[in-house]
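Last residue of the sequence shown: 115 (UniProt numbering), numbering continuous. Just so you know, even glycine gets a beta-carbon here, dropped at the ideal spot from N, CA and C. Single-structure report; data block below.
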Amino acid sequence: MNDDGEADVVDVLSDDYARTILEQTREEPKSVDALSDACGADPSTIYRRVEQLQERDLLEDQQKLDPGGHHYKVYSARLREVRIQLGEDGFRVDVDRGPEESAADRFTRLYEGFK
Numbered sequence: 001m002n003d004d005g006e007a008d009v010v011d012v013l014s015d016d017y018a019r020t021i022l023e024q025t026r027e028e029p030k031s032v033d034a035l036s037d038a039c040g041a042d043p044s045t046i047y048r049r050v051e052q053l054q055e056r057d058l059l060e061d062q063q064k065l066d067p068g069g070h071h072y073k074v075y076s077a078r079l080r081e082v083r084i085q086l087g088e089d090g091f092r093v094d095v096d097r098g099p100e101e102s103a104a105d106r107f108t109r110l111y112e113g114f115k
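This is how it looks when you write it as structure tokens:
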């Protein structure tokens, strides 16, 4: 496999919960509670998978403010495509995470989330 760390993504995607989290957050950001319901797993299990996905830059979080004034996070998938190719030198894994968010866009999103 290639040595740039992308091969580790294949290991993470072998987990059913990780795949469900990515599927559930592909179109719309979701909270850990919503992901826990979708996966049929305890929130602690979902938090561990979220951390693994974020470590590999496959999931991003956004801070939200509920009507009671409390903050919570929702998560969105960054993964767009994984390609695995077999060549003379072994396997090559390429991961497409989609466009990076600029610092200005991130600030605007955070500001809007606190309104």
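- Distance, Cα to Cα, A18 vs H70? Residue numbering aside, residue 18 sits at position 18 when the sequence shown is read from its first letter. Residue numbering aside, residue 70 sits at position 70 when the sequence shown is read from its first letter. When rounded, the distance between both Cα atoms is 27 Å.
- Message: In this structure, how does DSSP classify L35 when only helix, strand and coil are distinguished?
- Response: If you number the sequence shown from 1, residue 35 lands on position 35. Collapsing the DSSP output to three states places L35 in a helix.
- Task: Compute the beta-carbon to beta-carbon distance between L79 and L58, rounded to the nearest angstrom, for a pair I have assumed lies under 8 Å.
- Result: Locating residue 79 in the sequence shown gives position 79, where the first residue counts as 1. Locating residue 58 in the sequence shown gives position 58, where the first residue counts as 1. Contact check for L79 and L58: beta-carbon distance about 5 Å, within the 8 Å limit, so the pair qualifies.
- Item | Simplified DSSP state of R49, which is helix, strand or coil | For the purposes of this step, residue 49 is identified with residue 49 of the sequence shown, where counting begins at 1. For R49, the secondary structure class from DSSP, reduced to helix, strand or coil, is helix.
- Query: Are the beta-carbon atoms belonging to L53 and I46 less than 8 Å from one another?
  - Reply: Mapped onto the sequence shown, residue 53 falls at position 53. Mapped onto the sequence shown, residue 46 falls at position 46. No; because the gap between Cβ atoms is not below 8 Å, this pair is not in contact.
- Query: Assuming A77 and T20 make a contact with CB atoms under 8 Å, what is their CB distance in whole Å?
  - Reply: One-based indexing of the sequence shown puts residue 77 at position 77. One-based indexing of the sequence shown puts residue 20 at position 20. A77 to T20, Cβ: 11 Å. No contact.
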